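Below is one structure, written out as structure tokens, with a few remarks after it.
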Amino acid sequence: MYGFPIQYEEPVFRPPSEGRSLLIQQTIGCSNNKCTYCNMYRSKTYREREQSEVLRDIENSANYFKKLGRFPEKVFLCDGDALGAPTENLLSSLKKINESFPDDTRVGVYATAENMLLKSDEDLRSLRSQGLKIAYLGMESGCDKVLHLTVKGNNAQDMIDGCTKLQNAGIDLSVICMLGLGGKKFTSSHVEQTAKVLSQINPTYLSFLTTMAIEGTPYHRMVQRGFEMLTVKELLTELRDIIDLCDFKKDVLFRTNHVSNMYPVGGVLNKDKTSILDTLNQWIDKTPEGTYPPKPSHM
Ligand code: SF4
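Numbering (my numbering), first residue to last: 1 to 299.
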């Protein structure tokens with residue numbers, strides 16, 4: 001965007017649904033930065049930005065949009081787990097956004113289970129009351145063996161506890177899981193445990209990514225040494241089985257719309273479960289055995 005006043009510390013990532021959001025870097029990198037399949041922030045060392053820099057970015061971008069005569073509907077706080085920033089800094093950013101942007105601006109953030117657990121109930125309620133409306137968690141799997149294998153940094157119970165805390169504070173939760181993350185070895189427990197944990201968490205939004213072995217990552221090296229990844233047919237079968245086993249008490253908006261997914265599908269669970277399963281079964285039937293998804297160099 002010509003004349004846009006923010007100089008980002010690249011690379012910058014955001015969820016697909018934040019594609020039209022104003023991005024503000026509250027933190028740089030990811031505080032975990034160890035997940036074996038992820039190369040998103042490997043070029044960055046995690047740090048919390050000076051709050052004065054964050055406030056300057058918010059103010060400058062608000063002035064820019066004011067001159068433009070239109071504001072973005074959403075602001076997304078980056079990088080990989082900005083919920084891990086000190087609560088007072090996040091509250092200060094939210095206050096500035098409230099003062100500088102229209103009243104109904106939605107603020108979102110990436111979060112880890114660790115971030116959620118380290119915040120007090122009071123912290124989370126204050127963040128919600130100041131406008132933090134949604135957090136995105138890369139849960140990836142509900143299976144502890146898979147979470148351990150991929151050095152996720154939190155186990156399934158942490159995911160449940162963190163998400164419960166966050167949602168009790170009134171913050172919407174969007175959970176992302178990864179198809180095929182446990183490879184052929186852990187596919188059964190990945191399916192069963194992911195469905196079980198998702199059913200307990202009952203997020204507002206749920207999406208799935210397809211696991212890719214990205215060159216340069218420990219996961220890629222594991223695959224080179226013989227860890228067996230799933231074929232397209234097996235990935236679709238995992239997705240079908242997880243959806244089939246999930247039992248939600250409240251509506252979940254489900255979608256697979258990430259660039260790494262070959263087959264976009266979506267709907268409201270449990271309401272659209274039958275039609276989603278029908279679609280997945282048709283794809284499974286049509287997909288030949290032994291084909292693998294394309295290999296990107298990044299996600
Ligand atoms: S997957 Fe998420 S938590 Fe793990 S290293 Fe990447 S950004 Fe960090």
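All C-beta atoms, glycine included, are put in the ideal place defined by N, C-alpha and C.
Quick caveat: nothing in here was measured; it's all calculated off a predicted structure.
Classification of residue i by the beta-carbon crowding that lies within 10 angstroms, buried from 16 upward
| i | result |
| --- | --- |
| Asn300 | The chain is shown only over 1 to 299; residue 300 falls outside these bounds and no answer can be derived. |
| Met212 | buried |
| Val191 | buried |
| Gly275 | Checking the sequence shown, residue 275 turns out to be Ser, not Gly. It counts as exposed. |
| Pro203 | buried |
| Ser120 | exposed |
| Gly138 | buried |
| Thr256 | buried |
| Gln7 | exposed |
| Arg49 | buried |
| Asn63 | exposed |
| Gln282 | exposed |
| Thr187 | buried |
| Gly162 | buried |
| Gly84 | buried |
| Asp241 | buried |
| Glu140 | buried |
| Asp57 | buried |
| Glu234 | buried |
| Cys246 | buried |
| Thr45 | exposed |
| Phe254 | buried |
Expected contact under 8 Å - CB spacing of residue i and residue j to nearest Å
| i | j | result |
| --- | --- | --- |
| Ser100 | Glu59 | 6 Å |
| Ala228 | Gly267 | In the sequence as displayed, the identity of residue 228 is Glu instead of Ala. That pair is no contact at about 31 Å. |
| Tyr37 | Gly80 | Between Gly80 and Tyr37 the Cβ distance is about 14 Å, and since that is not below 8 Å, they are no contact. |
| Leu181 | Thr150 | 6 Å |
| Leu198 | Val175 | 7 Å |
| Asn32 | Gly153 | 4 Å |
| Thr194 | Val232 | Their Cβ separation, rounded to whole angstroms, is 19 Å, which puts Thr194 and Val232 out of contact at 8 Å. |
| Ile171 | Lys133 | 7 Å |
Helix, strand or coil at residue i [DSSP, three-state]
| i | result |
| --- | --- |
| Asp172 | strand |
| Phe76 | strand |
| Ala85 | coil |
| Val12 | coil |
| Arg106 | strand |
| Cys177 | strand |
| Ala113 | helix |
| Met139 | strand |
| Tyr219 | helix |
| Arg240 | helix |
| Leu230 | coil |
| Ser297 | Low per-residue confidence applies at Ser297: pLDDT is 49, beneath 50, and the placement is therefore not dependable, though the value from the model is reported in the following sentence. Residue state, collapsed to three classes: coil. |
| Arg70 | coil |
| Tyr205 | strand |
| Glu289 | coil |
| Ser17 | helix |
| Arg125 | helix |
| Lys273 | helix |
| Glu50 | coil |
| Arg56 | helix |
| Gly162 | helix |
Beta-carbon spacing of residue i, residue j below 8 Å
| i | j | result |
| --- | --- | --- |
| Glu238 | Gly108 | no |
| Thr210 | Pro264 | no |
| Met159 | Gly131 | no |
| Leu173 | Ala135 | yes |
| Ala169 | Arg125 | yes |
| Gly29 | Arg47 | yes |
| Gln26 | Leu118 | no |
| Leu147 | Asn155 | yes |
| Pro5 | Ser52 | no |
| Gly216 | Asn39 | yes |
| Thr87 | Asp123 | yes |
| Arg20 | Cys78 | no |
| Leu277 | Leu236 | no |
| Ile24 | Ser93 | yes |
| Leu179 | Val252 | no |
| Phe71 | Pro102 | yes |
Cβ-heavy atom distance, residue i to the ligand FMN, below 7 Å
| i | result |
| --- | --- |
| Gln130 | Because the ligand FMN does not appear in the structure shown, any question about it cannot be addressed here, the ligands present being the ligand SF4. |
What residues come near the ligand SF4, if near means a beta carbon less than 7 Å from any of its heavy atoms?
Cys30, Asn32, Asn33, Lys34, Cys35, Cys38, Met40, Tyr41, Gly80, Asp81, Thr112, Gly138, Lys152 and Gly153
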